[in-house]
Amino acid sequence: MSDPTAASIVGAPPAHQPTETGGPTDAGLPANGRQEKPRGLLGDAWRDLRRKPLFWISAAFILLFIVMAAFPSLFTSADPTAGELSRSLEKPSGHAWFGYDIQGRDVFARTIYGANASIVVALLSVLGTLLIGGAMGMIAGFRGGWLDALLSRIADVFFGLPFVLGAIVILTTFNGTGTNNSEWEVKGLVIASLVVLSWPVVMRLMRSSVLATKEADYIVAARALGAGTGRIILKHLLPNTLAPILVYGTIMVGSFIGAEATLSFLGVGLKSPVVSWGIIINEAQSLIRVAPHLLFFPAAFLVAAVLSFVMLGEAVREALDPKLR
Amino acid sequence: MSDILVSEQSAAGASGRPAGRLLEVDDLRVEFRTRDGVAKVINGVTYHVDAGETLAVLGESGSGKSVTAQTIMGILDTPPGHVTGGQVRYHGKDMLAMSFEERRRIRGEGIAMIFQDALSALNPVFTVGFQIAEQYRVRRGMSRADAKKRAIEMLDQVKIPNAKGRFNNYPHQFSGGMRQRAMIAMSLALDPEVLIADEPTTALDVTVQAQIMDLLAELQRERQMGMILITHDLGVVADVADRIAVMYAGRIVEEADVYDLYAKPAHPYTLGLLNSIPRLDEKGQELRTIKGLPPNLMNIPPGCPFNPRCPMAQPVCREKVPPLLQIGAGRASACHFAEELVNRD
Amino acid sequence: MTENILEVRDLVKHYPVTRGVVFRKTVGHVKAVDGVSFDLRQGETLGVVGESGCGKSTLARVLMNLEKPTAGSVHYKGQDISKLSGGALRRLRRQIQLVMQDPYTSLNPRMTVGDLIGEPFEIHPEVAPKGSRRGKVKELLDLVGLNPEHINRYPHQFSGGQRQRIGIARALALRPEIIVCDEPVSALDVSIQAQVMNLLEKLQAEFGLAYIFIAHDLSVVRHLSDRVAVMYLGKVVEIGTEDEIYERPTHPYTQALLSAVPVPDPTVREHKAIIRLTGDVPSPADPPSGCRFRTRCWKAQEVCAQEVPLLQIRSGSDHPSACHFAEKREIVATHEAA
């Protein structure tokens with residue numbers, strides 16, 4: 001059905017718009033003494049973000065986690081791998097805030113040290129996925145034709161691989177039993193396998209977003225002005241196609257932290273003595289009846305991290321859309 | 001909006017209120033409550049339509065002409081839309097006070113509506129014939145075969161060539177004009193007494209528009225329907241309307257017989273509209289425009305809503321909302337200076 | 001007579017209709033523009049009218065060099081613009097600009113008005129040095145009747161008419177000689193439409209612009225145009241001065257079109273002789289043979305199906321008309337009434 005309701009609302013100028021700005025009547029108003037500074041989308045987005053408490057809260061949390069990942073020793077002096085079986089499954093106390101796990105290791109220290117693996121793996125995989133998927137989607141959508149067909153079919157092939165199975169195949173090949181990779185090599189492999197198996201989703205999102213935007217009148221208008229391909233992509237397509245990808249990216253951070261945990265649990269990802277939230281949670285889940293605090297604290301950290309990223313993504317997306325301001 | 005004027009406005013319809021009115025809208029008020037504030041979309045609209053007559057509701061976007069129609073049909077999106085006052089009487093009964101079931105029965109059989117965009121008003125996954133026949137089956141309890149026969153008759157009545165063959169076509173297989181005909185067939189299937197046509201020809205080409213307007217006029221004559229034609233096109237209105245209600249910022253600013261309105265508009269807004277359209281039969285010089293923009297419905301100026309754009313505005317216009325007052329036989333105007341406007345040369 | 005700045009000759013634009021996903025094969029052609037010729041003189045307005053599907057918007061795109069023509073040529077001051085590319089094409093774009101129909105979709109929602117109107121200067125940096133651009137943008141805003149203070153606002157903060165003014169300011173920024181207006185006022189309300197039309201006229205007088213004014217609204221076209229071309233299914237069926245087309249039309253399609261326009265005057269409705277056309281416009285993928293209008297024409301004879309009528313001056317017509325039986329006919333019923 002036609003939607004005259006919306007039309008009527010749209011037809012009414014927004015509240016903050018003085019009605020007398022309309023006709024030619026106001027032409028040539030005396031210029032304000034104060035010279036207004038030129039503004040752009042990013043500047044406006046930043047000004048908008050600065051006013052949002054949600055942004056500051058989530059940014060503070062993310063900063064905290066990043067510092068935690070980079071300098072865990074700032075937060076705890078305990079050694080996350082030193083176990084004393086006499087302390088096994090001790091409850092939280094002033095001495096060890098989150099208690100001890102079954103091997104008598106300090107859960108607080110382990111949670112702090114676990115941030116590094118989880119956050120680094122998740123962030124880098126998301127970054128890689130967004131860059132590769134976004135670029136592929138932009139090329140496929142913008143160029144179209146045979147290139148689009150080719151890239152889309154390649155994406156379909158990767159899309160067809162079950163995520164866990166695909167990751168197991170990749171990781172057992174390069175990181176199976178008997179291999180002797182360093183901690184960073186393993187992290188790199190985990191990141192690579194997550195990126196390889198996830199980019200098609202981002203590519204599809206980007207491609208459909210580009211396809212929808214490419215035919216927009218303002219793109220035609222820019223071409224009529226003589227704008228080149230680079231300008232059209234950077235100034236017109238990207239700002240208008242980024243929003244869904246950004247939102248998806250923030251959700252991905254959470255699911256990748258989980259995915260890293262899954263792979264570690266299956267024995268193909270990170271391995272003890274490396275600590276990650278995934279490893280800690282997996283160790284704790286069999287003891288949930290006996291010692292729920294083992295699961296609770298790392299899980300709370302994980303949830304807080306995921307939520308912070310999702311909230312940050314939401315805030316940034318809103319800031320980048322002038323209509324929502 | 002001051003409340004004192006409510007009674008004044010509703011009391012001052014263009015004509016009295018005999019019992020037998022087919023459809024009456026009485027001092028209707030609707031507001032849209034959105035995140036940014038409350039938009040007063042309809043601020044006391046009163047009009048009526050009788051059997052066999054065409055009332056044109058003329059207005060620009062945001063004037064509230066479509067929202068009024070949606071309120072009559074009971075298809076107002078709630079939220080954000082809320083009816084805050086007034087009545088919509090069908091055969092003297094207030095529809096806004098009816099139960100959901102009662103209203104649903106009136107829809108289609110009593111009052112039907114056609115829309116500007118036929119392609120989105122028809123369901124793309126069913127054939128046009130099926131969508132018409134379905135109404136007979138559901139609402140009239142007809143058998144499949146009877147319903148199909150009636151649907152084909154209906155398609156024939158709206159002059160779709162080869163109605164039988166077209167029965168099984170999907171909406172996208174119809175051209176724009178044919179689609180509009182199909183939608184008319186669908187709305188008229190249950191023999192409504194009132195047809196609300198919301199910009200029925202705006203999306204169509206001139207030659208097709210003429211065909212559709214002819215068809216509507218003919219069907220209306222045959223069936224003695226009351227028709228509410230909602231449009232912004234002063235040309236279409238002049239061709240088919242009996243009476244015209246001009247809307248601005250959610251109010252009726254003028255109501256008159258079609259000949260009177262074009263000959264001597266009694267509201268400066270109507271006059272401005274007539275002056276600002278280019279004429280086919282003359283190459284004009286500069287068009288005399290209405291300056292400025294329609295008001296923001298969240299912040300309607302005090303006094304007459306048209307006063308910031310009105311060339312005749314006086315101090316009183318900024319203070320007092322002019323009520324819609326009768327100024328002659330069958331015509332009313334909501335302007336403090338209506339008499340002067342009509343009586344000048 | 002002033003010189004021609006744009007000469008369009010036998011312009012053709014066909015779009016292939018393809019089937020299949022991987023192995024595409026062409027099954028036909030949509031003949032959107034099929035042999036269009038006209039001239040545009042300096043400082044004049046050429047109106048192009050026609051119903052949807054007649055190819056007028058495709059014509060705009062080809063004239064703007066957004067699409068390459070299938071055949072034919074567009075000469076700007078003797079230079080064939082459809083053959084240009086790269087830097088030469090970019091230089092040419094300074095001379096020919098476009099105003100689009102929909103003010104809601106033709107402005108990038110994520111750019112401020114300052115960026116939008118300043119964009120032409122960024123693409124053509126030689127026009128204005130960097131420091132002066134901000135001032136130029138404000139001048140332009142003032143010129144089209146917008147408040148220069150609103151330079152940092154976004155399009156959605158403006159009404160439809162104001163956005164169309166922004167679009168016009170953008171087109172005007174490079175001081176072009178020609179502006180192609182593709183239905184510039186058809187999305188606007190009546191009272192706003194008049195404001196924008198007046199603005200277009202004012203700018204034409206001030207800068208000596210030539211307009212190609214494409215619209216479906218015959219009244220609007222008459223108001224603004226010096227000469228008018230009527231299009232039907234990819235061809236120009238009649239072309240002449242505004243007076244010739246509106247007062248003495250000789251092509252049956254023009255006559256039917258004019259007679260069908262609703263006149264805002266109820267007194268003429270009784271004695272108005274509308275020529276009723278039956279049916280819809282045929283598909284441009286499969287146009288009728290011979291004269292394309294013959295399937296809806298009341299004058300059609302056998303010759304109309306066999307021979308394509310040329311656009312030329314005929315015995316019954318004082319201006320070019322593409323009908324074998326071109327003749328005058330009184331159609332506008334409003335003369336006496338007006």
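Chains as they are written, first to last, in UniProt numbering: chain A, 1 to 325; chain B, 1 to 345; chain C, 1 to 338. Where a beta carbon is used, it is the ideal one built from N, C-alpha and C, also for glycine. Since the structure is predicted, the reported quantities are computational estimates derived from the model, not experimental observations.
Can you have a look at C/H14 and say buried or exposed, based on whether 16 or more other CB atoms are within 10 angstroms of its CB?
Counting Cβ neighbours within 10 Å, C/H14 comes out buried, since at least 16 surround it.
How about A/S118 and A/L307: do their beta carbons lie closer than 9 Å?
no
Beta carbons nearer than 9 Å to chain C: which residues of the segment 207 to 232 of chain A have them?
Residues passing the 9 Å Cβ filter: A216, D217, Y218, I219, V220, A221, A222, R223, A224, L225, G226, A227, G228 and R231.
Minimum C-alpha distance to B/R35 - residue among B/T202, B/G129 and B/P79:
It is B/P79 whose Cα lies nearest to the Cα of B/R35.
In the DSSP assignment, find the unbroken alpha helix (DSSP H) run with C/K31 in it and report its ends.
Where C/K31 is concerned, there is no enclosing alpha helix (DSSP H), although the beta strand (DSSP E) it sits in stretches over K25 to R41.
Going along chain F in order, which residues have a C-beta closer than 8 Å to the C-beta of C/Y211?
The question asks about chain F, but that chain is absent: this structure's protein chains are A, B and C.
With DSSP collapsed to three states, give me the class of B/H82.
Of the three classes helix, strand and coil, the one that applies to B/H82 here is strand, per DSSP.
Residue range of the unbroken beta strand (DSSP E) whose run includes A/A191
Sequence check: residue 191 of chain A is Ile here, not Ala. No beta strand (DSSP E) contains A/I191, which is instead part of the alpha helix (DSSP H) from E183 to K214.
For the alpha helix (DSSP H) that contains C/I123, what are its first and last residues?
It spans V113 to I123 - the alpha helix (DSSP H) in which C/I123 sits, taken as one unbroken run.
So, helix, strand or coil for C/H14, using DSSP?
strand
CA-to-CA distance, B/E31 to A/G11, given in whole angstroms
Residue placement at A/G11 is flagged as unreliable, the pLDDT there being 35, under the threshold of 50; the coordinate-derived value follows with that caveat. For A/G11 and B/E31, the distance between alpha carbons rounds to 15 Å.
Under 8 Å from the C-beta of C/L59: neighbouring residues of chain B
Within chain B, no residue comes near C/L59; the closest Cβ sits about 17 Å away, beyond 8 Å.
Does B/A332 come out as helix, strand or coil in the three-state DSSP assignment?
strand
Selection from A/G267, A/S88 and A/D44 that minimises the alpha carbon distance to A/V190
A/G267
Could you tell me the distance, in whole angstroms, from the CA atom of B/I252 to the CA atom of B/A263?
19 Å
So who's on the other strand from C/C181, going by DSSP bridges?
C/V99 and C/F213
Does DSSP put C/H251 in a helix, a strand or coil?
coil
Is there contact here, the segment 234 to 245 of chain B with the segment 302 to 309 of chain B, by at least three beta-carbon pairs under 8 Å?
no
CB of B/A121 to nearest heavy atom of the ligand HEM: below 8 Å?
Annotation note on the ligand HEM: not contained in the displayed structure, which lists no ligands.
Out of B/G226, B/F126, B/A217 and B/L204, which one is the CA nearest neighbour of B/L23?
Nearest C-alpha to B/L23: B/G226.
Opposing strand residues paired with B/D94 [DSSP bridges]:
B/R89
State the start and end residues of the unbroken alpha helix (DSSP H) segment that holds A/M311.
P292 to L320
Apply the 10 Å Cβ neighbour rule to A/F297 and answer buried if 16 or more other Cβ atoms are within range, or exposed otherwise.
A/F297 comes out buried.
Assign B/A256 to one of three DSSP states: helix, strand, or coil.
strand
Cα separation between B/A133 and B/E102?
22 Å
Note down, in chain order, all residues in the segment 167 to 193 of chain B with a beta-carbon under 8 Å from any beta-carbon belonging to chain C.
Result list: S175, G176, G177 and M178.
Segment limits, beta strand (DSSP E) that includes C/M231
R227 to Y232
For A/P92, which residues in chain C fall below 8 Å Cβ to Cβ?
Result: empty, since nearest Cβ-Cβ is about 49 Å, beyond 8 Å.
Under the DSSP definition of a beta bridge, which residues are partnered with B/D198?
DSSP, once it has assigned bridges, lists B/I230 as partnering B/D198.
Helix, strand or coil at B/Y262 according to DSSP, with G and I counted as helix:
In the structure shown, B/Y262 sits in a helix (DSSP, three-state: H, G or I).
Per the contact definition of three or more C-beta pairs closer than 8 Å, is the segment 216 to 223 of chain B in contact with the segment 242 to 250 of chain B?
no
Indicate whether B/E254 and B/S66 have their beta-carbon atoms separated by less than 9 Å.
no
Using three-state DSSP, classify A/M252 as helix, strand or coil.
Reduced to three states, the DSSP call for A/M252 is helix.
Name, please, each residue of chain C whose Cβ falls closer than 7 Å to the Cβ of A/P239.
R110
Within 10 Å of its beta-carbon, does A/V107 have 16 or more other beta-carbons around it, so buried, or fewer, so exposed?
Counting Cβ neighbours within 10 Å, A/V107 comes out buried, since at least 16 surround it.
Tell me the rounded alpha-carbon separation between A/R50 and A/W56.
Cα to Cα, A/R50 sits roughly 8 Å from A/W56.
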